[in-house]
Every structure is written in structure tokens, then in C-alpha cells.
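Report on the following structure.
Numbering (the working numbering), first residue to last: 31 to 82.
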């Protein structure tokens, strides 16, 4: 996920488009949120509705 954030920033620097980096980082945050939800559901048996 760290690589995804770095790629989003690198691509935005190349494109010089701040909206592009914001969208990329939003996508990374969505993936991180999904991984956290899955972790708690699978490992702890608790569904995290608070992150939705």
C-alpha cells in the first residue's frame, strides 16, 4: 500500500496535476480501509461498520 501511495505521488509529479494525486491517494485509503475491515472480520470476528 505504501508503494501505491508513492506511485500516486510520482505519477502526479509527472503529470503536474494535483487532482490526480488526490484521486490516487483516495484509492489507496479505500484499499487500506478494506484491509483493516477484513482483518478485524477474519481475525477478531468483528465487523467494523464504524469505518463505512
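Even for Gly, the Cβ is constructed at its ideal location relative to N, Cα and C.
Check whether the Cβ atoms of residue i and residue j lie closer than 8 angstroms to each other.
i	j	result
residue 53	residue 34	no
residue 51	residue 39	yes
Might you give, ordered along the chain, the residues of its own chain that have their beta carbon closer than 7 angstroms to the beta carbon of residue i, omitting 5 neighbours on each side?
i	result
residue 56	none
residue 68	none
Among residues of its own chain, excluding the 5 on either side of residue i, which ones have a beta-carbon nearer than 8 angstroms to its beta-carbon?
i	result
residue 46	none
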